[in-house]
Amino acid sequence: MQAPVGTTFVGMPAFPDAARDALGDPVLRHNLAHATGTIRDKRARVVAEVDDWEDLRVDGAAVKDTALADLGTHLLALESALTARGARVHWARDAAEANAIVAGIAKGHGVDEVVKVKSMATQEIGLNEALEAEGIAAWETDLAELIVQLGEDRPSHILVPAIHRNRAEIRAIFRDRMAAAGRPAPDDLTDEPAELAAAARLHLREKFLRARMAVSGANFAVADSGTLVVVESEGNGRMCLTLPEVLVSVVGIEKVVPTWDDLGTMLRLLPRSSTGERMNPYTSTWAGVTPGDGPQEMHVVLLDNGRTRALADEVGRQALRCIRCSACLNVCPVYERTGGHAYGSVYPGPIGAILNPLLQGPGSSAWVDSLPYASSLCGACYEVCPVRIDIPSVLVDLRAQVVDAKRIVPDVSAADSGVRPRQRPAAPSPQSLAMKGAAMTFASARRLGLAERFAGVGTSLARRLPWLPGVSAWAGARDLPQAPAESFRRWWRRTDGGRR
Amino acid sequence: MTSAREEILARVHAATAEAVAPERPALAPSGPVDVDLFAERVADYEAVVERCAPEEVTERVAARVAGLRVVVPDGLPFAVAGSVADDGLVAADLDALDGVVTTATVGIAETGTIVLDHGPGQGRRALTLVPDLHVCVVRADQVVADVPDAVRRLDPARAQTWISGPSATSDIELSRVEGVHGPRTLHVLLTR
Amino acid sequence: MRVALQVTCLNDALFPHVGQAVVTLLRRLGVDVEFPEAQTCCGQPMVNTGYLDEAVPAVRSFVSAFSSYDAVVTPSGSCAGSARHQHGLVARRSGDAGLQAAVASLSPRVYELTEFLVDVLGVTDVGASYPHEVTYHPTCHSLRMLGVGDRPRRLLEEVRGLRLRELPYADQCCGFGGTFAVKNADTSIAMGADKVRHVRETGAEVLVAGDSSCLMHLGGLMERQRSGVRTMHLAEVLAAQE
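Residue numbers (numbering that gives the first Met the number 0), protein chains in the order written: chain Z, 0 to 499; chain B, 0 to 191; chain S, 0 to 241.
Take a look at the structure:
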């Protein structure tokens, strides 16, 4: 199976290196702290209004687990319901297949531009770039996506992709870049958010009125009724879903919920967790083609691109419950300081730290393998997740998979011969040597006592804590504790536990 | 060559062979319907909420849209003087109008949400999207307590639009700004 | 009731006075706490770095040291969390059914210090006296993995003379995170620096927490900054009779 493409920003360094750059940018740090602080407070207020929030989370998890446990059946039900209502259903194993399907539909209609509803799945597969290569312009119509697209930037947040930009930066992007993409920004544009939003309204309206084809994702795909759901704020989604003649929706196979009634729970959980509102301004639902209303040609592309890989991972499977609310990003102390770019994917933050490795496979690159370690395991993400994804436990499990992938490396020379590749142990890293040493030391108290005895006053922290290598990284900004004259163990023996 | 469909379904079946669907917890039922709460919550979104008797609707709507060019859908149960009927208007025509007047299907008290299922009196979806003012008449008996009650009342086969206040964005420093692409003014008439 | 102290590898090697404080405190409350010398480490550093096989010997020594006790008390939310939530994982990995059964029986008897005081002994006034301005950082694993809730606060509120200053953004992680502190040292330090800033804003003389690991990280930062704020383990405050 080929590794899925598109999820990764090309040539991403491992997390610690990418994070270092972000941490050195004071404007970025300020923008992020301000924005995540604001949304954390909003979320906390509206969640506190719901008496049975914890039960609701359990139910949200159960809705998605029910869908995932019998996903094949639900996907077939979805396909048949959609087909019965005049939509055409396509299946895509990976990004390349999905992109080719969308490009093929566009070319079939002779369009050279499409308008897009904000969609994580199409970002994941790199659809815009793939369409561009075919001579088709894909216009992002969500305000934050527009800011990112005009700024030739990368998204850094699931819900608010331009969260790393402040109003002054956004004004500069609109002033400098809008004209090349269509209607220019007004000359007297200030950095008031209302004015910036009004400039986007005018810039995009001509595109909405002109576009013949739109591309969307879906927040939910209801299997029993064949209904797709898009949750949004600005109305750009409604424009795309309503005005063009042709609509293509790229939907990850994990977006399925079994029944229409399940939305009763999911639509209570999502807006409060996401934008911190009781309800988002607009939710659109549609079940195939409605004669005389909206696009009269509809396609749905059901996307795998690594999802079945994640589904097969018994611990990691729960990541497929994710409804892309981004609550975990907003409470994450690591995300708040590094921002989203350091994660090197359209899926940043705690969910990205598990989703990317689950979609691509631990051991597939140094970048992927660094992500499960991009967390202090503080657990704030799990606490807010509306579908109770136990992100810390999945992180720990993925760390074990990363380590295990390195315990045995496939013998590449034998791979093509058809013979089961022989395996040889990988060269041990300093970390794995430290862990093996710790395992030896902690196997017996006698050994630990000896280790402590020989690590007297002034010896390195690493000798005393065999599991904590890399003292130079520690000591860069932190003093080392003074080593005591004797360990607790020796004190207890010498004084009979303080009795003599 | 195996088709993408067969291959994905085979992978799904292999991955979920041992998976078992969990029990669903029993959620507390919604409380009683509170129409005052609905009015309050709609207003929280910076929408205008006006309450009136059913027989006052025609007059109140006329007052709100006086001097404006508004479109009305088929099946609107009251007349709007001087309005334009929706007969084959294209998006550019709608863009040249000031507003639209419709009814609704369901109101949700807890969230201040109005749901249109685009039946008679509500019009096709573009109608309530392109013009900048949406005047929406909601009857008190259409209001339900919370989201699950609304979901149970609605037909999943129909296209729906759930509206909670005027269009808005929080994409700039997470501060909410009303009015982006959808109607920038939402005016709700709630009848007894 | 036979009660054992799991002192933790970190306190054993670097902060023996924390273990001594637990002994003083528990004896004062009438508990004749024992120190099984066969104990080493709970294994969490290995588990959280992904080295499950390497954690098996530590879990074996944990089980052999503590299985015969009615209660195991540890002055660490993190190590209690490891015993209660991760030992099962390691035991399954070992494939040893005996170890799995032993872990399943032992794990529920492992208590973080404040849980043991409040839930098992049923006390919040432990007879401590510490007339100083302190601020309290609830460590992530005690807060979210164990859910110790307001137990530490209830204990601190009964300490004579102690004046508790509210720590802004108290529930945010300090940035230690085990090997995270060295694998992602820059991010760890940035998180710690913000925590230290909030600690200094309180004007407290002493920063108190229930995990020596977090205190080692924050103390190291504050020493480097010559902040003048001391760190103290919660056990030391509860043992104090100044």
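Virtual Cβ for every residue (Gly too), placed ideally from N, Cα, C.
Closest residue to residue i among the options (Cα-Cα distance)
i	options	result
A184/S	S215/Z, I390/Z, R477/Z	R477/Z
G504/Z	G448/Z, C377/Z, M265/Z, C321/Z	Nothing in the structure corresponds to residue 504/Z, since chain Z is present only between 0 and 499.
K405/Z	A80/Z, D368/Z, L27/Z	D368/Z
F207/Z	T65/Z, L240/Z, E96/Z	L240/Z
R192/S	D210/S, L145/S, A239/S, L214/S	The residue asked about is misnamed: residue 192/S is Ala in this sequence, not Arg. The residue with the shortest Cα to Cα distance from A192/S is L214/S.
P12/Z	L145/Z, S283/Z, H340/Z, A484/Z	H340/Z
Y68/S	V58/S, G49/S, S106/S	S106/S
G97/S	V21/S, T123/S, V55/S	V55/S
H131/S	S104/S, G160/S, V198/S	G160/S
P294/Z	V214/Z, N329/Z, V256/Z, L370/Z	V214/Z
V32/B	P182/B, D43/B, V105/B	V105/B
A426/Z	V402/Z, S224/Z, V299/Z	V402/Z
S428/Z	S211/S, Y50/S, T73/S	Y50/S
Counted within 10 angstroms of its Cβ, other Cβ atoms place residue i as buried (16 or more) or exposed
i	result
S344/Z	buried
A198/B	Since the first residue shown for chain B is 0 and the last is 191, residue 198/B is missing from the structure and cannot be characterised.
H108/Z	exposed
R28/Z	buried
T178/S	buried
L503/Z	Residue 503/Z lies beyond the residue range present for chain Z, which begins at 0 and ends at 499; the question has no answer from this structure.
Q481/Z	exposed
M0/S	exposed
E165/S	exposed
R191/B	exposed
S2/B	exposed
E253/Z	buried
C32/S	Note on residue identity: the sequence assigns Val, not Cys, to residue 32/S. Buried is the call here.
Three-state secondary structure assigned by DSSP to residue i
i	result
L126/Z	helix
M177/Z	helix
G107/Z	helix
L479/Z	coil
L240/Z	helix
D292/Z	strand
L173/B	coil
S416/Z	For S416/Z, the predicted model reports a pLDDT of 44, less than 50, meaning its position is unreliable and no value from the coordinates is stated.
H117/B	coil
C41/S	coil
E132/S	strand
Y281/Z	strand
A189/B	A small correction: the amino acid at residue 189/B is Leu; Ala does not occupy that position in the sequence shown. If DSSP states are grouped into helix, strand and coil, L189/B belongs with the strands.
V249/Z	strand
I7/B	helix
Whether residue i touches residue j by CB criterion (8 Å)
i	j	result
L358/Z	R308/Z	yes
L479/Z	L310/Z	no
P21/B	A61/Z	yes
V100/B	V64/B	yes
L319/Z	I353/Z	no
E133/Z	K115/Z	no
V146/B	R267/Z	yes
T35/Z	N355/Z	no
M45/S	M265/Z	no
Any chain B beta carbon closer than 8 Å to residue i
i	result
M119/Z	no
A91/Z	yes
D69/Z	yes
T189/Z	no
Y281/Z	yes
Minimum Cβ-Cβ distance from residue i to chain C less than 8 Å
i	result
D312/Z	Looking at the structure shown, chain C is missing, and the protein chains on hand are Z, B and S.
Cβ of residue i within 8 Å of any chain S Cβ
i	result
P25/Z	no
Y372/Z	yes
V402/Z	yes
Test: residue i CB closer than 8 Å to a CB of chain Z
i	result
Y110/S	no
S106/S	no
V105/B	no
T101/B	no
A167/B	yes
G120/B	no
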